[in-house]
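Notes follow the structure.
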Amino acid sequence: MKRVTLVFTLAFAAGFTAQTATAQTLKTVKDRGMLSCGVSQGLPGFSSPDDKGNWTGLDVDVCRAIAAAVLNDPTKVKFVPLSAKDRFTALQSGEIDVLSRNTTWTLSRDTSLGASFTGVTYYDGQGFLVKKSLKVNSALELNSASVCVQTGTTTEQNLADYFKGNNMKYEVIAFASADETVKAYESGRCDVFTSDVSQLYAERLKVANPTEHVVLPEVISKEPLGPMVRHGDDQWFDIVKWTLFAMVGAEELGVTQKNVDEMAKSDKPELKRAFGTDGNLGEQLGLTKDWFARIVKAVGNYGESFERNVGVGSKLQIARGINQLWNKGGIQYAPPIR
Amino acid sequence: MSTEARKPPPQFALKLKRALGGRAGWGGFAVQVAFAAVLAWIAYEIVANARANLESQRIASGFGFLQNTAGFDVSQSLIPYTGSDTYTRVFLVGLLNTLLVSVIGVFFATVIGFIVALCRLSPNWLLSRIGGIYVELVRNLPLLFQILFWYLAVLAALPGPRQSISLFGAFFLNNRGLVIPRPIAEAGLDPFLVALAVGIVASLVLRVYSRRALFQRGQLIRIWPYVLGLLVGLPLVTLLVFGVPITFELPQLKGFNFAGGSRVIPEFVALTVALSTYTAAFIAEIVRAGILSVHRGQMEAGSSLGLSRGATLRLIVVPQAMRVIVPPLTNQYLNLTKNSSLAVAIGYPDLVSVFAGTTLSQTGQAIEIIAITMGVYLLLSLITSAIMSVYGWRINRSLAA
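In order, the protein sequences belong to chains R and V. With the working numbering, the residue at position 208 of the first sequence is 208, and numbering never jumps. With the working numbering, the residue at position 177 of the second sequence is 515, and numbering never jumps.
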């Protein structure tokens, strides 16, 4: 039902509203006093609610950082849980201001959905989860397997490409939500569960005996995951884009949640520019001078957020890998804040 | 030679005025035209505005996407389909899967519904209680819950492919579904089918003849020996002459799954079972109400003619009850078709799942796709209604005669 409601909202919005109304997301968010952020329906490490209903995760931190920069309060976020197939409609219809829901950046999504990606929060790739008892060591041994997949994802198409490319047969069973997909995999309906590798680690935590399942070594695709905003509002696009860059930049500059107040007093020119004691970069974005400090105070820098949510210290225990900073062997890179 | 044009009789203009404008006459007609024009204008504005706004936000619109390559696979398809086919093909695959589950669901729902209704009406205490419990239990639980129950409960109980339950080494049941031998056409198939068709047609002709004999001359002709000969004997003869019509490809365990043979996927079974048992509970109540609406005297009249209880029901009561049963029965058929869209919960590739789901999120063209999908369900419902109306009309006519 939710999907039909969303479509009607979209049809209504497209059919009746004048088009100028779309270009004022910043003002809308400020007037509302609340950021509406589209997240997953519960993916540990990226966006999931705890037993008290508090949302945590890497994608959630991006939402909180935007709320901190715009509203000076990281708690002023309304999280809207969306299934993979409903997410774009929710963004198009204006139900959410930003979509931060482990969404893969592709050309067609960037152009035909009326929305744009603002950056990459996590460089991921698609992999396979199988039961250890199958004694499979490589994805190339999966000929004639049954594969469970979540519908409405790039995963579905990569899967078709991979099996076709390697001349293997398979049976695909596509479910609407991640939970149903994992349940079917657990019940033995499928031999394989395929998704982004980070998600495989996260979902493995949910099955009965996580140690009996293994992620195969093959990574069959590029899945750069990032936030999305609607076309037609460049200011809002810049704000979301630079919020993430601020987090990555903060790590590069050595600014952490703990030392942010000391660093704000620093004499270093790049820190002075970032903290707004020199120049007015924040105001150029349509925000305040202390936007950078607000973001770091709220969620810490990118590395801190990564470690807290998905890193080796967290339940998911994922190594930084290519998500390390560019000067430490990874590819996370933020343009200069100047 | 000229003939004067005949003027329409004055009543004609009057009738037209009534038909178009009702009691208000031509004024009423003008109001209706104006109202229709306003509606059309609003509809036009909405479409034009939507198109302009979608364009300004650079959201793709139009139906061109139907020609693009889908690039994903589907677990069950009645027509040949691969990932390199177009979205149009995906639409057809989904539509056929929806139709398949609806038609089979309607059939079983009707059969189970009638049986349960007859159980409830039975003088046998145990039977009527069982019927009553079935109806109250099944119709009072949410359908989605029942679908998930059938899917997960049945899946959990079945073994993996390597430990399949085997029947005669040809049928295999496991948590990937039921694997059955696949029929392969041989040279003898065509004559066999022709003989079968001839047999069926001839049997129908015989039936019409015997009924006419019964109704017009009161003559009872036993036709079943001839029908048996036509339906079984004739094909058997062609089989001996032309050889076997089909052979079977036996399924074999290969890798993870069975190779060869045909497979009925568990999603389909779970959905069909859930839909037909659920709808059957409602149909049972409708049938019971219909039968009870026929006067007791009819039943008594039947038994006084020496007919058995079953024959009285079949020949006298049910035909009269059908007049009451058919309209609400149509509703249940429509519900079943529409409820089949819950398939997405258990991964059955119906229209909503593959078209309004996967295709929508891949193309992002929500308005077009939802419009098409709604149009399809509307059309299916209207066709079902039309068929049932014709059926209802025929019953009424035959009862009135």
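For each residue, glycine too, the CB sits at the ideal point set by N, CA and C. All of these numbers come straight from a predicted model, not from anything done at the bench.
C-beta contact flag for residue i and residue j at 8 Å
i, j, result
"Thr703 of chain V", "Ser466 of chain V", "Residue identity check: residue 703 of chain V is Gln in the sequence provided, not Thr. Taking 8 Å as the Cβ cut-off, Gln703 of chain V and Ser466 of chain V do not qualify as a contacting pair."
"Ala612 of chain V", "Ile485 of chain V", "yes"
"Leu58 of chain R", "Phe46 of chain R", "yes"
"Lys289 of chain R", "Asn280 of chain R", "yes"
"Thr103 of chain R", "Met228 of chain R", "yes"
"Arg477 of chain V", "Phe620 of chain V", "yes"
"Val62 of chain R", "Ser198 of chain R", "no"
"Asn391 of chain V", "Gln414 of chain V", "no"
"Leu591 of chain V", "Arg500 of chain V", "yes"
"Tyr425 of chain V", "Thr697 of chain V", "yes"
"Ala65 of chain R", "Thr256 of chain R", "no"
"Pro589 of chain V", "Phe510 of chain V", "yes"
"Phe483 of chain V", "Gly526 of chain V", "no"
"Ala334 of chain R", "Glu252 of chain R", "yes"
"Gln670 of chain V", "Thr615 of chain V", "no"
"Val39 of chain R", "Ser83 of chain R", "no"
Residue i - containing beta strand (DSSP E), residue span
i, result
"Val316 of chain V", "With chain V covering only 339 through 739, there is no way to say anything about residue 316 of chain V."
"Ile503 of chain V", "Ile503 to Leu505"
"Gly226 of chain R", "Glu223 to Arg230"
"Lys78 of chain R", "Val77 to Pro81"
"Arg520 of chain V", "Arg520 to Ala523"
"Ser112 of chain R", "Where Ser112 of chain R is concerned, there is no enclosing beta strand (DSSP E), although the alpha helix (DSSP H) it sits in stretches over Leu107 to Ser112."
"Asn301 of chain R", "Unbroken run through Asn301 of chain R: none, as it is neither H nor E."
"Tyr347 of chain R", "This structure cannot speak to residue 347 of chain R, because chain R is shown only from 1 to 338."
"Leu591 of chain V", "Gln590 to Lys592"
"Ala622 of chain V", "Careful: Ala622 of chain V lies outside any beta strand (DSSP E), inside the alpha helix (DSSP H) at Pro604 to Ser631."
"Arg101 of chain R", "Val98 to Thr104"
"Glu587 of chain V", "Ile584 to Glu587"
"Phe509 of chain V", "Phe509 to Asn512"
"Asn158 of chain R", "That residue, Asn158 of chain R, is in no beta strand (DSSP E); its alpha helix (DSSP H) goes Thr154 to Gly165."
"Glu212 of chain R", "Note, Glu212 of chain R: premise wrong, no beta strand (DSSP E); not H, not E."
Within chain R, the residues that residue i reaches when beta carbons sit closer than 7 Å
i, result
"Val682 of chain V", "Ala176"
"Gly421 of chain V", "Ala160 and Lys164"
Distance between beta carbons of residue j and residue i, contact taken as under 8 Å
i, j, result
"Phe410 of chain V", "Pro519 of chain V", "About 30 Å separates the two Cβ atoms, so there is no contact after all."
"Ala455 of chain V", "Ala622 of chain V", "4 Å"
"Arg294 of chain R", "Ala68 of chain R", "4 Å"
"Gly432 of chain V", "Pro687 of chain V", "6 Å"
"Glu218 of chain R", "Ser138 of chain R", "7 Å"
"Asp73 of chain R", "Phe594 of chain V", "Rounded, the Cβ-Cβ distance is 52 Å, inconsistent with contact."
"Thr181 of chain R", "Phe163 of chain R", "About 18 Å; that fails the 8 Å criterion."
"Glu223 of chain R", "Thr121 of chain R", "Not quite, the Cβ-Cβ distance comes to about 12 Å (not below 8 Å), so this is no contact."
"Asn734 of chain V", "Arg626 of chain V", "Not a contact, Cβ separation roughly 21 Å."
"Gly226 of chain R", "Trp105 of chain R", "5 Å"
Chain-ordered neighbours of residue i on chain R, where CB pairs are closer than 8 Å
i, result
"Ser691 of chain V", "Thr151, Ala174 and Ala176"
"Glu474 of chain V", "In chain order: nothing, as chain R lies at least about 27 Å away."
"Arg427 of chain V", "Within 8 Å Cβ-Cβ: nothing; Arg427 of chain V doesn't reach chain R, min ~14 Å."
"Asn513 of chain V", "Ser187, Gly188 and Arg189"
"Ser413 of chain V", "Glu171, Val172, Ile173 and Ala174"
Beta-carbon neighbours of residue i, restricted to chain V and to distances below 7 Å
i, result
"Leu113 of chain R", "Ile397 and Gly702"
"Asn143 of chain R", "Gly593"
"Thr89 of chain R", "Ala704"
"Ala184 of chain R", "Gly685"
"Arg204 of chain R", "Neighbours of Arg204 of chain R on chain V: none; closest Cβ ~20 Å, over 7 Å."
Residue i: first and last residue of the uninterrupted alpha helix (DSSP H) it sits in
i, result
"Ile331 of chain R", "Per DSSP, Ile331 of chain R belongs to no alpha helix (DSSP H) and is neither H nor E."
"Tyr419 of chain V", "Neither: Tyr419 of chain V is in no alpha helix (DSSP H) and is coded neither H nor E."
"Glu270 of chain R", "Pro269 to Phe275"
"Ala495 of chain V", "Leu481 to Ala495"
"Glu186 of chain R", "Ala178 to Glu186"
"Arg32 of chain R", "Thr25 to Arg32"
"Thr576 of chain V", "Leu572 to Phe580"
"Phe446 of chain V", "Tyr425 to Leu459"
"Ser466 of chain V", "Trp463 to Arg477"
"Thr194 of chain R", "Taken as a continuous stretch (DSSP letters only), Thr194 of chain R belongs to no alpha helix (DSSP H), being part of the beta strand (DSSP E) at Val192 to Asp196."
"Gly635 of chain V", "Arg634 to Ser642"
"Ala250 of chain R", "Asp234 to Leu253"
Partner residues on chain V for residue i, Cβ-Cβ distance less than 8 Å
i, result
"Gln92 of chain R", "Gln395, Ile397, Gly702 and Ala704"
Per-residue contacts from residue i into chain R (C-beta, under 9 Å)
i, result
"Gly695 of chain V", "Arg3, Lys85, Thr151, Gly152, Ala174 and Ala176"
"Ser679 of chain V", "Correct list: empty, because the minimum Cβ distance to chain R is about 10 Å."
"Tyr493 of chain V", "The sequence given here places Leu at residue 493 of chain V; Tyr does not occur at that position. Ordered by position in chain R, the residues that pass the 9 Å Cβ test against Leu493 of chain V are Ala184, Ser187, Gly188 and Arg189."
"Ala597 of chain V", "Ser144 and Lys169"
"Pro604 of chain V", "Arg189"
Contact set between residue i and chain V, taken where Cβ atoms lie within less than 9 Å
i, result
"Gln157 of chain R", "Ala408, Gly409, Phe410, Gly421 and Gln700"
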